[in-house]
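Numbering of the sequence shown is given in the numbering used here, commencing with residue 4 and proceeding in unit increments. A short write-up of the structure that comes next.
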Amino acid sequence: RYRISGVPIVRGPRLVGIVTNRDIRFETNFERKVSEIMTSKNLVTAPVGTTLDQALEILAAHKIEKLPLVDADFNLRGLITIKDIEKARTYPNSARDKQGRLLAGAAVGVTPDTLERAAALVEAKADVIVVDTAHGHSQGVLEAVKLLKKELPGVDVIAGNVATAEATRDLIAAGADAVKVGIGPGSICTTRVVAGVGVPQVTAIINCVEAARGSGVPIIADGGI
């Protein structure tokens, strides 16, 4: 169900064992307690601050796939798995938080329940909220950005899409932490045809970057060139 193959077992904060697939693969008595099936003796652990390279050496030396990290009191502070190391090597530039989790953004539109949706997404651990519309230079988007920044302090809000310097300045003034640029630049987009307006993407990026210069607000290029 959770696509994991093992979990550390703690009593309070203290590590007392670990249960892996090998412990339960052939178990038929599901009434047994975790304490009866977990590995509790000769636990292989590492101190907090262990690097992935160091962890790999320990895993290889003991032919195991999971390495609990503990402090001086043997309290569980983390877990490094062989999958963590493989993913770090395969995707070295992946954006992660301080706990090593992939950063995740979530988009909302401009609707009566925008705040409710955004709050639920933040509760679900979204790292950033994107006010995502085809035409980001509108009163509705500006008000939505102001509302989210007021009601969800500490949460980064990206807003867009826009294609002009004026729109960029207005979104920054509304409180946007980043501005997304691109009005129908994709090869299959029909926005420019339907709306009758558009700016070539490279030109839009240049103009928006110039408008944002000095503000500390980054520009995101969204769409084809």
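Note that beta-carbon positions come from the ideal geometry of N, C-alpha and C, so glycine has one too. Since the model is a prediction, treat every value here as computed from it, not as a measurement.
Rounded straight-line distance, which links the Cα of residue 193 to that of residue 227: 13 Å
Cβ-Cβ distance between residue 220 and residue 175 below 7 Å: yes
Beta strand (DSSP E) runs contained entirely in the stretch 125-167, provided each spans 3 or more residues: 131-135, 159-165
For residue 23, the three-state DSSP class (helix, strand or coil): strand
Whole-angstrom distance between residue 191 and residue 15, CA atom to CA atom: 55 Å
Completely contained alpha helix (DSSP H) runs for the stretch 21-78, where each covers 4 or more residues: 24-27, 37-40, 55-65
Endpoints, the beta strand (DSSP E) within which residue 14 is located: 9-14
Backbone secondary structure at residue 120 - three-state DSSP: helix
DSSP state of residue 205 mapped onto helix, strand, coil: helix
DSSP state of residue 88 mapped onto helix, strand, coil: helix
Status (buried if at least 16 other CB within 10 Å, exposed otherwise) for residue 132: buried
The stretch 56-64 in contact with the stretch 80-100 per 3-pair CB rule at 8 Å: yes
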